[in-house]
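Taking the numbering used here, the leading residue of the sequence shown gets 3, the next gets one more, and so forth. Ideal Cβ placement from N, Cα and C applies to all residues, glycine included.
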Amino acid sequence: MTKSETQEPIAVGDSVNLDEHAELAASLVHDVFSTMLDTEAAPDPASADPARRYPVVGAIYFAGGFKGAVLIELEHSLAFEATARLMDVPRPSRVDADVRDAVGELANMIAGNLKAILPPETMISMPSVVEGSDFVVSVVGANSSSRMAFSSPHGAMSLTLVEVNRMRRR
Numbered sequence: 003m004t005k006s007e008t009q010e011p012i013a014v015g016d017s018v019n020l021d022e023h024a025e026l027a028a029s030l031v032h033d034v035f036s037t038m039l040d041t042e043a044a045p046d047p048a049s050a051d052p053a054r055r056y057p058v059v060g061a062i063y064f065a066g067g068f069k070g071a072v073l074i075e076l077e078h079s080l081a082f083e084a085t086a087r088l089m090d091v092p093r094p095s096r097v098d099a100d101v102r103d104a105v106g107e108l109a110n111m112i113a114g115n116l117k118a119i120l121p122p123e124t125m126i127s128m129p130s131v132v133e134g135s136d137f138v139v140s141v142v143g144a145n146s147s148s149r150m151a152f153s154s155p156h157g158a159m160s161l162t163l164v165e166v167n168r169m170r171r172r
């Protein structure tokens, strides 16, 4: 049984902060990396500079009981190694369809595990993947976000949870 299966779900309308669930988030990332990629990923507070961005981003969006997104940002080296390990292909040297598929799948696995603590009515989207250095990922209506940095033997990454502002009736 994973940590997400033993964690009490968050009630509809409750705010979700990754900092409050840091142990769970770290466990989810660790479990996905160790199980699916046969490598380690550990929280790295020293790399948690909010201005630091990585060039490959996988995003999953939530709707229903919780509205928001999970973003994983990876260094090229980690995205390439993850692709080779996840898809059993030679390590790519550039972002291609395999890399986009692998990063999308990593985002999907992490978000899917995180979904277990979100309200039961929460649904997840198909993954989106962006690559480059001159872009901004913006979640419209976001009112809060929290970010955790991770390191692995193959490069660094971050995990960001974004919550969208709920509409208020007047």
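Contacting residues, own chain, Cβ-Cβ under 7 angstroms from residue i (five flanking each side not counted)
i: A109; result: G60, A61, I62, V72, I74 and P129
i: R171; result: Because the pLDDT of R171 is 41, which lies under 50, any placement of that residue in the model is unreliable, and the number read from its coordinates should be weighed accordingly. The answer is none, since no qualifying residue turns up.
i: R55; result: E75
Bounding residues of the beta strand (DSSP E) (the contiguous stretch that carries residue i)
i: T124; result: Taken as a continuous stretch (DSSP letters only), T124 belongs to no beta strand (DSSP E), as it is neither H nor E.
i: E133; result: S130 to E133
i: V58; result: V58 to A65
DSSP bridge partner residues for residue i (one or two, in chain order)
i: T162; result: L73 and R149
Exposure of residue i, with buried meaning 16 or more beta-carbon neighbours within 10 Å
i: S135; result: exposed
i: F152; result: buried
i: A27; result: buried
Sequence-distant residues of the same chain with beta carbon closer than 8 angstroms to residue i, five excluded per side
i: I12; result: Any reading at I12 must be qualified, since the residue scores a pLDDT of 47, below 50, and its modelled position is unreliable; no value is offered.
Terminal residues of the alpha helix (DSSP H) in which residue i lies
i: V31; result: A24 to L39
i: N115; result: A99 to L116
i: F82; result: H78 to M89
Proximal residues to residue i (C-beta, below 6 angstroms), its chain only, five neighbours per side dropped
i: V101; result: A81, T85 and P94
i: V174; result: No answer is possible for residue 174: the residues shown for the chain start at 3 and end at 172.
Open item on the list: Whether or not the stretch 124–138 and the stretch 84–92 are in contact is what I'm after, with contact meaning three or more pairs of Cβ atoms, one per stretch, closer than 8 angstroms; do they touch?
Closed with: No, because fewer than three Cβ pairs between the stretch 84–92 and the stretch 124–138 fall closer than 8 angstroms, the two stretches do not touch.
Open item on the list: With three or more beta-carbon pairs closer than 8 angstroms as the criterion, would you say the stretch 30–40 touches the stretch 49–58?
Closed with: No, the stretch 30–40 does not touch the stretch 49–58.
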